[in-house]
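Below is one structure, written out as structure tokens; comments come after it.
Numbering (our numbering), first residue to last: 113 to 860.
Encoded structure:
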């Protein structure tokens with residue numbers, strides 16, 4: 113289990129400002145956010161996702177998902193590909209949130225969008241909007257729904273929009289996953305069918321009815337097993353249409369109901385996970401009568417659980433199975449298979465006509481090719497003339513300034529300024545990507561920590577592969593060449609590495625080093641073969657089983673470890689311990705008594721700064737940030753920057769001689785992550801403030817070079833109002849630029 117990700121949630125709403133009022137726009141009397149240094153300014157990205165597609169009348173395709181670049185051109189989660197296959201140079205609504213979940217196009221080519229955003233098309237719109245389908249994609253000034261979170265399904269009927277999903281209110285009114293929005297964007301008070309669960313998975317319009325599927329078992333008290341037809345006029349459940357999809361009794365695969373509906377030409381096609389429907393045996397796919405819901409003749413071959421159904425205008429039904437890799441093309445009249453070569457891709461959305469099939473998702477092509485997220489096929493499934501690369505901001509987990517003035521960057525990413533770099537890259541002193549430092553590791557590489565020794569060798573911790581060596585820790589020489597003779601082979605993730613007097617200490621989720629039992633923490637030699645110390649074995653434990661160590665630090669001749677454990681070396685210690693560097697790794701008396709998880713430690717003189725999710729250290733109140741003595745029993749110091757403010761911190765760093773930098777989150781939502789500068793006495797520097805925002809609002813690491821520069825890594829696209837993708841550097845002293853402080857700098 114990835115325990116650290118369980119504790120350190122990097123999701124879109126996790127990392128927030130740590131001081132009240134230090135998020136969003138600069139308020140009167142507050143210091144403006146620090147601008148980032150001019151270099152580096154690199155695009156650190158990974159493959160984006162396409163979640164939704166909608167076709168317009170001229171053959172153009174609206175694309176929604178989680179991305180920031182389309183073929184290298186800036187587009188935030190929403191783009192338009194014209195009928196000729198080119199990115200529309202003007203249409204750019206630029207929603208400011210994390211993702212676009214669903215799209216629909218009406219007869220006037222207007223585009224309905226739902227997702228997570230507060231602004232779109234140049235206007236304030238919360239999670240739902242109607243956009244001009246041409247031009248710049250401006251939001252309709254006369255169409256604004258007050259609030260609409262949780263919508264994932266759309267169906268358009270003229271000027272009326274039907275919405276479904278997991279919500280329980282729309283525009284402040286109770287609606288259990290299903291609602292109708294009128295032409296003026298108001299909620300229709302007279303149309304209010306109430307499923308017993310707010311769980312709608314599919315909508316389809318046909319004639320005077322709306323077909324609805326989901327996890328419900330009744331609507332307005334009328335029993336319906338996840339599939340129903342309601343009147344467009346009244347919202348009443350049709351009493352005569354009840355196919356009642358059901359399992360066959362074996363529950364293998366488990367019954368999940370209907371996932372997708374297509375209604376056209378007097379037939380309702382339904383796909384999902386079921387074995388019987390309308391009292392007939394039908395495995396996962398059926399054609400139903402629009403008259404009475406009975407099963408119609410449809411000789412489709414057996415299919416696996418169905419995720420999506422799409423019908424084109426010339427008689428073909430496309431079936432995307434739930435593995436998201438298998439696509440079948442069937443004749444919509446009799447169900448026989450049509451010629452179609454299903455590509456091995458992960459499909460989240462599909463649109464089709466008689467000329468082409470367009471797939472959206474997250475595709476991993478052959479090694480050496482650029483990943484793509486939008487793919488065009490011929491009607492028979494043969495590769496089409498066009499594909500598009502969609503990128504989103506990558507995740508930077510670790511930044512390490514090196515002695516030669518360069519910086520190594522690690523995380524989950526695939527490209528740096530368009531150049532392939534899987535999980536690890538080096539930035540030269542002038543801010544450029546080092547062209548010679550390319551480990552060519554595997555696509556799934558994830559780097560978590562670095563350590564540089566006195567010889568300039570670099571220890572790299574994470575999950576990655578190169579030259580046939582698989583593992584979670586490796587050593588590179590000063591030129592970035594892998595040392596094949598130093599390969600300890602832990603059997604799990606290494607989260608951190610520390611160097612002390614020629615020894616290498618590892619912390620993580622591993623249980624063995626090679627064939628030897630060494631749970632979560634180990635001591636290795638730096639010599640050939642990475643010899644494991646046969647005696648040093650503290651064995652952290654959690655509730656009687658092996659524990660986990662997230663962070664490790666060497667200071668004062670000892671090794672300090674933090675993580676998820678309640679005992680270590682046979683002694684009771686909750687999540688924090690000091691170990692002897694030699695011998696068996698005996699636990700020392702040092703025990704500050706932290707009542708939560710410590711995510712990061714920073715040795716500073718004869719003290720240690722602790723950052724994490726805790727509220728007490730010993731008998732003292734400390735919310736997420738504390739300073740304790742390195743020696744003795746780890747006595748708590750008076751240093752207390754936050755006082756009574758509840759907060760949690762993930763990382764701390766030094767960037768100059770007299771200040772500590774820290775970042776974390778609170779339990780209240782703001783629009784940006786803030787980094788704090790704290791002096792040696794514990795006072796927060798009110799003149800120094802850095803905001804990181806957009807994308808996931810996620811800052812994952814900070815690191816100082818000791819010469820006045822603070823490095824920021826995470827998943828973001830703005831720092832101090834300027835565009836930076838996942839990596840930025842700021843000065844350690846107050847240097848601001850009010851021209852950029854409004855946060856409206858245009859990104860390239």
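No residue lacks a Cβ here, since even glycine has one placed at the ideal position from N, Cα and C.
In this text, all values refer to a predicted model and were calculated from it rather than measured experimentally.
Span of the beta strand (DSSP E) around residue i
i           : result
residue 500 : 495–500
residue 759 : Note, residue 759: premise wrong, no beta strand (DSSP E); not H, not E.
residue 617 : 615–620
residue 513 : 507–513
residue 430 : 428–433
residue 321 : 321–326
residue 777 : 771–777
residue 203 : Where residue 203 is concerned, there is no enclosing beta strand (DSSP E), given that its DSSP letter is neither H nor E.
residue 713 : 709–716
residue 607 : 606–612
residue 664 : 660–667
residue 821 : 821–827
residue 689 : 688–692
residue 343 : 339–343
residue 290 : 290–293
Per DSSP, cross-strand counterpart(s) of residue i
i           : result
residue 880 : One cannot answer for residue 880 here, as it falls past the ends of the chain, which runs 113 to 860.
residue 235 : 232
residue 562 : 572
residue 149 : In DSSP, residue 149 forms no bridge with anything.
residue 263 : 277
residue 385 : 369
residue 180 : None, per the DSSP bridge assignment.
residue 683 : 680
residue 706 : 729
residue 474 : 458
Own chain partners of residue i with C-beta closer than 6 Å, once the 5 adjacent residues on each side are dropped
i           : result
residue 466 : 426
residue 635 : 615, 617, 645 and 648
residue 660 : 115, 621, 632, 675 and 676
residue 697 : 648, 650 and 691
residue 842 : 146, 148, 802 and 822
residue 317 : 267 and 269
residue 765 : 773, 814, 815 and 816
residue 831 : 148, 804 and 840
residue 790 : 753, 772 and 796
residue 845 : none
Contact test: residue i Cβ vs the ligand PLP heavy atom, cutoff 7 Å
i           : result
residue 518 : As presented, the structure is devoid of all ligands, the ligand PLP included, so that no description of it is given.
Residues near residue i by beta carbon distance below 8 Å, same chain, minus five either side
i           : result
residue 158 : 503, 504, 505, 506, 507, 524, 525, 526 and 527
residue 160 : 177, 178, 179, 180, 181, 474, 485, 502, 503 and 504
DSSP three-state assignment for residue i, whether helix, strand or coil
i           : result
residue 154 : coil
residue 876 : Only positions 113 to 860 of the chain appear in this structure, which leaves residue 876 out of reach.
residue 583 : strand
residue 192 : strand
residue 269 : strand
residue 490 : coil
residue 556 : coil
residue 728 : strand
residue 255 : coil
residue 843 : strand
residue 124 : Interpretation of residue 124 is limited by its pLDDT of 29, a score under 50 that renders its predicted location unreliable; the figure taken from the coordinates is listed afterwards. Coil at residue 124, not helix or strand.
residue 159 : strand
residue 406 : coil
residue 307 : strand
residue 437 : coil
residue 413 : coil
Same chain, Cβ closer than 7 Å to residue i, five either side skipped, listed in chain order
i           : result
residue 307 : 288, 289, 290, 326, 328 and 331
residue 746 : 702, 703, 704 and 740
residue 543 : 151, 152 and 153
residue 550 : 533
residue 603 : 622, 623 and 624
residue 535 : 522, 523, 524, 525, 553, 557, 558, 559, 574 and 576
residue 453 : 492, 493 and 494
### Task
Evaluate contact between the segment 539–547 and the segment 581–590, counting only Cβ atoms and requiring at least three cross-stretch pairs below 8 Å.
no
### Query
With contact counted as at least three CB pairs below 8 Å, one residue from each stretch, are the segment 560–571 and the segment 599–615 in contact?
Under the 8 Å Cβ criterion, the segment 560–571 counts as touching the segment 599–615, having at least three qualifying pairs.
### Message
Check whether the segment 348–355 and the segment 292–303 are in contact - that is, three or more C-beta pairs closer than 8 Å.
### Response
As far as the Cβ criterion goes, the segment 348–355 does not touch the segment 292–303, which means the pair count is below three.
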